[in-house]
Structures are given as C-alpha cells and as structure tokens.
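Engineer: Going by my numbering, the first residue of the sequence shown is number 1, and it counts up by one from there.
Beta carbons are placed, not taken as given, at the ideal position from N, Cα and C, and that holds for glycine.
Here the structure is a predicted model, which means the values were calculated and not measured.
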Amino acid sequence: MHLESLANELLLYLFEFFDGIQLLRAFHDFNSRFNHLLYNHYRVYRIDFHSISKYQFDDLCQYCLPSITDQIISLTISDDDETPNLPAIFLSYNFTLDKFTRLQSLSLYSIQSFAQLSQLI
C-alpha cells in the first residue's frame, strides 16, 4: 500500500502526529493532493522555530507560511545560538502578528533587541 492511496481523512489524522515544521517539510510539494490537504483542510499549526536551520526557515517563510498564517495557533521564535538573527529574518518577510488571526500562543526566546521585540508584538 502506498501513502498516496490512503483516504484524505486518514492522512489528516496522520498529520496530527507531526509538529508543524515536520509536517510542512515532509509533505509540502509532495503532490498537489497533499498540498491541498495541507493548505485547505488541515486546521491548525503549531510552529516552533526554536531549533531550525536558516535554510529551512527561509524555505518555510517563502513557500509555506504565507498560505497558513491564519491557521497557526502557536508560534515560537528565538534569537539564541541555534537560531541567530531569526527575529530580524522573520520580520524581513513582512510577517506581522495581525496576519496570524488564530494565534493563541506566542513564545519569544532570547530576543536581544527591544526594537525587534516591539516589532514582533
């Protein structure tokens, strides 16, 4: 049995076992059906950028986040040694909190700049 032969309902159930970044990295652009499920039927995302490479972050910000900002309920942004300058890069993509209409939780770690902090919130 192939993954692609599973019913949409079962795939959506399986999606629940992934965190937001894993889910997007695994299935974004797998095929048009999976993209449709990810962006039109999957309801909520918890996005944790606490430990992510710059390449992965850029990829997600360019190709995935613009389509799901209204589905993100939890967002974590960090500016520590693992993710240096992440808040500045995030802001450079013109993301503002008002675009995250369903956001329930915002976690900010090691933000060194008050200016960046005020832009984020």
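Going by C-alpha distance, which of 101, 111, 102, 50 is nearest residue 82?
Structural biologist: The residue given as residue 82 occupies position 82 in the sequence shown. The candidate whose alpha carbon is nearest that of residue 82 is 50.
Engineer: What's the C-alpha gap between residue 95 and residue 5?
Structural biologist: Position 95 of the sequence shown, counting from 1, holds the residue named residue 95. Position 5 of the sequence shown, counting from 1, holds the residue named residue 5. Each residue's alpha carbon lies about 36 Å from the other.
Engineer: Which residues in the same chain have their Cβ closer than 7 Å to the Cβ of residue 19, if we skip the five residues on either side of it in sequence?
Structural biologist: Within the sequence shown, the letter at position 19 stands for residue 19. These residues qualify, in order along the chain: 46, 48.
Engineer: Hey, is the segment 29-38 in contact with the segment 50-61, meaning 3+ C-beta pairs nearer than 8 Å?
Structural biologist: Not touching, per the Cβ criterion.
Engineer: Please give me, in chain order, every unbroken run of the alpha helix (DSSP H) with length at least 4 that falls completely inside the segment 30-113.
Structural biologist: Runs found: 32-36, 54-63, 65-68, 86-92.
Engineer: Helix, strand or coil: which one does DSSP assign to residue 18?
Structural biologist: Residue numbering aside, residue 18 sits at position 18 when the sequence shown is read from its first letter. Three-state result, residue 18: coil.
Engineer: Going by Cα to Cα distance, which pick from 80, 68, 63, 119 is closest to residue 100?
Structural biologist: If you number the sequence shown from 1, residue 100 lands on position 100. Comparing Cα-Cα distances from residue 100 to each of 80, 68, 63, 119, the minimum goes to 68.
Engineer: What distance in whole Å lies between the Cβ atoms of residue 87 and residue 120, which are believed to be in contact at a cut-off of 8 Å?
Structural biologist: Within the sequence shown, the letter at position 120 stands for residue 120. Within the sequence shown, the letter at position 87 stands for residue 87. The pair is a contact, with the Cβ atoms about 6 Å apart (cut-off 8 Å).
Engineer: Quick one: what does DSSP say residue 115 is sitting in, helix, strand or coil?
Structural biologist: For the purposes of this step, residue 115 is identified with residue 115 of the sequence shown, where counting begins at 1. Looking at residue 115 - three-state DSSP - the assignment turns out to be helix.
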